[in-house]
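Chemist: The structure is given below, and queries will be raised subsequently.
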Amino acid sequence: EPEVTQTPSHQVTQMGQEVILRCVPISNHLYFYWYRQILGQKVEFLVSFYNNEISEKSEIFDDQFSVERPDGSNFTLKIRSTKLEDSAMYFCASSEGTRRYNEQFFGPGTRLTVL
Amino acid sequence: GIQVEQSPPDLILQEGANSTLRCNFSDSVNNLQWFHQNPWGQLINLFYIPSGTKQNGRLSATTVATERYSLLYISSSQTTDSGVYFCAPASGGSYIPTFGRGTSLIVHP
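So the protein sequences, as listed, match chains A and B.
Just so you know, we're using this note's numbering here: the first sequence kicks off at 88 and counts up by one.
Just so you know, we're using this note's numbering here: the second sequence kicks off at 74 and counts up by one.
Shown next, in the form of structure tokens:
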């Protein structure tokens, strides 16, 4: 069964450093998403991406975040200058694409720890 | 945005017991998903259920969109059912799901 994959599974970084989290969505899906979950809290939407541009973003997704689809398979989330409060689990998700049917499938997550 | 309330927040069961998890939401919804977050943190799709009833093995779900709630039924619970169950409806012009705070389930052998 096709699945969303994410790398790395764990990332430890120093405050102020840039990190790139990588995702490979399900191959025939057209919509891609990033979410984050701070430890013990609920899952929060960051951004959605379709047709090589951001379609929606939340208040959390400020100028320090960016997303990119650098090739036909990868989808990345970049955090330019990490802060302690960026420590969280980051989930990538994808869906087939029609807005009337938007079941999202999540990857296993990348646990980001900012020291 | 849409408000999502899940109950109960915590649930402890003995293996073999049945349970019902509830999700109330404040607006009409375009879609709704139930997820299980296992102890390793993975989010597993359980149901995509904007309305009606679906069943998958020991699990079933019902969404009554007109009354703004969804229910997840777990029958004959097993220790592997432990984890957090999230309801995530999407409303209005956005198809982005909003997650509730979840129900934390522990099933004892």
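Backbone N, C-alpha and C fix where the C-beta goes; we use that ideal spot for every residue, glycine too.
First and last residue of the beta strand (DSSP E) that includes GLN151 of chain A?
Modeler: Per DSSP, GLN151 of chain A belongs to no beta strand (DSSP E) and is neither H nor E.
Chemist: Taking the C-alpha atoms as reference points, what is the distance between GLY184 of chain B and GLN104 of chain A?
Modeler: Since the displayed chain B opens at 74 and closes at 182, residue 184 of chain B lies outside it and no answer follows.
Chemist: Is there a Cβ of chain A sitting closer than 8 Å to that of LEU94 of chain B, yes or no?
Modeler: no
Chemist: Secondary structure at LEU171 of chain A, three-state DSSP: helix, strand or coil?
Modeler: Residue state for LEU171 of chain A is assigned as helix, using DSSP reduced to three classes.
Chemist: Run the CB neighbour count on HIS109 of chain B, radius 10 Å, all protein chains shown included, and call it buried at 16 or more, exposed below.
Modeler: buried
Chemist: State the CB to CB distance for the pair GLU183 of chain A and LEU126 of chain A, rounded to an integer number of angstroms; the pair is presumed to be in contact (CB under 8 Å).
Modeler: Going by Cβ atoms, the distance from GLU183 of chain A to LEU126 of chain A rounds to 31 Å, so no, they are not a contact pair.
Chemist: Mind checking GLN128 of chain A: buried by the 16 CB within 10 Å criterion, or exposed?
Modeler: exposed
Chemist: Which residue's Cα is closest to the Cα of TYR122 of chain A: A:SER174, A:LEU202 and A:VAL201?
Modeler: Closest by alpha carbon: A:SER174.
Chemist: Return the first residue and the last residue of the beta strand (DSSP E) that PRO162 of chain B is part of.
Modeler: Annotation: the continuous beta strand (DSSP E) that includes PRO162 of chain B extends over 156 to 164.
Chemist: Whose Cβ in chain A lies nearer than 7 Å to the Cβ of ASN104 of chain B?
Modeler: Under the 7 Å cutoff, chain A gives ASN189.
Chemist: Are the C-beta atoms of SER167 of chain B and some chain A residue less than 8 Å apart?
Modeler: yes
Chemist: When the Cα atoms are used, what is the spatial distance from ILE107 of chain A to SER168 of chain A?
Modeler: 11 Å
Chemist: Taking C-beta pairs closer than 7 Å, name the residues in chain B that GLU143 of chain A reaches, listed in chain order.
Modeler: SER167 and ILE169
Chemist: Hey, how far is the Cα of ILE147 of chain B from the Cα of GLN101 of chain A?
Modeler: 43 Å
Chemist: Using only CA atoms, which one of B:LEU116, B:ALA138 and B:LEU86 lies nearest to LEU178 of chain B?
Modeler: B:LEU86
Chemist: For GLN191 of chain A, which residues from the same chain have a beta carbon less than 6 Å from its beta carbon, with the 5 sequence-adjacent residues on both sides left out?
Modeler: ALA180 and SER182
Chemist: Measuring only the C-alpha atoms, how far is GLY165 of chain B from SER99 of chain B?
Modeler: 11 Å
Chemist: Does the CB of VAL201 of chain A have a neighbour CB from chain B at under 8 Å?
Modeler: no
Chemist: Using a C-beta to C-beta distance shorter than 9 Å, which residues of chain A count as neighbours of ASN118 of chain B?
Modeler: Neighbours of ASN118 of chain B on chain A, chain order: GLU190, GLN191, PHE192 and PHE193.
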